[in-house]
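In the numbering used here, the protein residues as written are 54 to 559.
Spelled out as structure tokens, the structure:
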């Protein structure tokens, strides 16, 4: 008769090692997802040259990713809850890696854009489960706060890493390597996740697949209408049809969510004026920011004649400024002066930055680009913390996950739609560079970019008005009297100081 020895529980040291390895996996995935929103920007001129893409078509290399990533984030979170987070996480990273390989091998623009859309879908499946794993692996207290700090740092700094890494890969390889680089990293993540991450049990429930599809296809159709208008005009039948279809599908989406028993986006999140204002401001801010990166990275290479690596390094001050001011806003300024004040000041600085960028010419130097870029990063950093707090204030505990996801969705879809609008403005400016001398081409691109930055300044100005009119200050101690359960757990744990929360309307 054989006796099976009991399995000993892991020692504290082994458990800590496992948690650190799990955190490394999570941070790697978050870096991949954030990085891929910017790494391609540096490679755009090479793609345009090799695949014969116009600026309107080129924008879809960015938009295809942001649309599917933002459109399916909430569905990805729901899939992890119902099917098991480890299973969905690994499936998402697998899809992300395979689509990266296909995009790098793609012989034409259509396949590159399709691969980017699949990348976004893979990221939408993996990202929500990654954050959920972090919350499970680290108990409440100092360890979780430290892990969340690393997660936030990767989220903020990933854009800068993407620009520099994109420059390196494009400079010493080709634009295809900005896609290939995900393959070995993705394979390593899947192998390690299989070993070090634990599966969560399945739950009963159903997917709001129709809601996710109508929202994503509707936003895609609207975006396509704006992009097509840049090349074919607003009177083009397909442009009009795409815009009408997008509006109809988004209207249907709202009707479906009203009747759904388990909606992908609880409409109660839109019942508060302050939250609605924060969503609107984030939508416009994301559009202006993505448009700035899209056109300014090309400006650096076409007008300043920088190489890909020089271009990536040229944007480091932007990310450093954004990161530094976001920390200053969270720890010093917002607790002292109030969320709305800091938010309005930050958004006003970003508006000024766009106005300065609209004065660039075909003979401008790096300093004329550097000052507004740092100003834009600093302004966004100041506004980020109070804007996020306003989006989460007063949310019920059961809606905390959806509210957090809606912030990401708003940012991604706002970036996609905003970029489409700015690309159409660039096309309407008649900034044609093909067939011109080098000096004339640089002047033409700068003229078109000036129109774009002026329009982006209007978007940023609208965020200032929305923040002033839609988000009100609160008397001291108002929010502190709320039951703690009404705030998402991760917000309650952030060490931002009590006064910060006091100024956000519920």
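Think of the CB as a built atom: it goes at the ideal place given N, C-alpha and C, for glycine as much as any other residue.
Counting only residues of its own chain and dropping the five nearest sequence neighbours on each side, residue 143 has a CB closer than 6 angstroms to the CB of 243, 246. Secondary structure note for residue 440: its alpha helix (DSSP H) is the uninterrupted segment 419-445.
Between the alpha carbons of residue 301 and residue 307 lies a gap of roughly 10 angstroms. Put simply, of 336, 207, 81 the residue whose alpha carbon is nearest the alpha carbon of residue 241 is 81. Of the residues 360, 334, 372, the one whose Cα lies closest to the Cα of residue 397 is 334. Counting only the Cα atoms, residue 357 lies some 7 angstroms from residue 419. Here the stretch 265-273 does not lie against the stretch 156-165, with fewer than 3 beta-carbon pairs under 8 angstroms apart.
The residues 128, in chain order, have a CB closer than 8 angstroms to that of residue 262 in the same chain once the five nearest residues on each side in sequence are set aside.
In this structure residue 409 touches residue 425 by the C-beta definition: roughly 4 angstroms separates them, less than 8 angstroms.
Counting C-beta atoms within 10 angstroms of its own C-beta, residue 163 has fewer than 16 neighbours from the protein chains shown and is therefore classed as exposed. Ranked by Cα distance from residue 93, the first of 221, 412, 124 is 221.
Straight across, the Cα-Cα distance linking residue 380 with residue 165 is about 37 angstroms. For residue 310, the secondary structure class from DSSP, reduced to helix, strand or coil, is helix. Here residue 359 has 353, 367 as same chain residues with Cβ atoms under 7 angstroms from its own Cβ, once five neighbours each way along the sequence are excluded. Our two residues, residue 141 and residue 86, have alpha carbons roughly 15 angstroms apart in a direct line. The closest CA to that of residue 513, considering only 321, 432, 323, 298, is found on 432. Residue 411 and residue 504 have their alpha carbons spaced roughly 7 angstroms apart.
Residue 260 carries a coil assignment under DSSP once its states are collapsed to helix, strand and coil.
Runs of the alpha helix (DSSP H) spanning 4 or more residues and lying entirely within the stretch 91-155 occur at 92-104, 108-124, 126-136, in chain order. Ranked by Cα distance from residue 96, the first of 228, 124, 181 is 228. The shortest C-alpha to C-alpha distance from residue 146 to any of 314, 133, 167, 172 is the one to 172.
The straight-line gap separating the alpha-carbon atoms of residue 478 and residue 286 is approximately 11 angstroms. The continuous alpha helix (DSSP H) containing residue 375 extends over residues 369-381. The three-state reading of DSSP puts residue 159 in coil, since its state is none of H, G, I, E or B. Counting of Cβ neighbours within 10 angstroms places residue 288 among the exposed residues, the total staying below 16.
When only Cα atoms are considered, residue 440 and residue 376 end up about 15 angstroms apart. Each residue's CA atom was taken as its position, placing residue 148 and residue 236 some 10 angstroms apart. Sixteen is the threshold: when 16 or more other Cβ atoms of the shown chains lie within 10 Å of the Cβ of residue 131, as they do, the residue is buried. Counting the other CB atoms within 10 Å of its CB gives residue 385 a total below 16, which places it among the exposed residues. In this structure, residue 112 lies away from residue 232, with their beta-carbon atoms at least 8 angstroms apart. DSSP, reduced to helix, strand and coil, places residue 503 within a helical segment of the structure shown. Residue 391 and residue 495 have their C-alpha atoms spaced approximately 44 angstroms apart. By the neighbour-count criterion, in which 16 or more other beta carbons inside 10 Å mark a residue as buried, residue 328 falls on the buried side.
Non-local C-beta neighbours of residue 364 in its own chain, meaning closer than 7 angstroms and more than five positions away in sequence, comprise 95, 220, 350, 353, 354, ordered along the chain.
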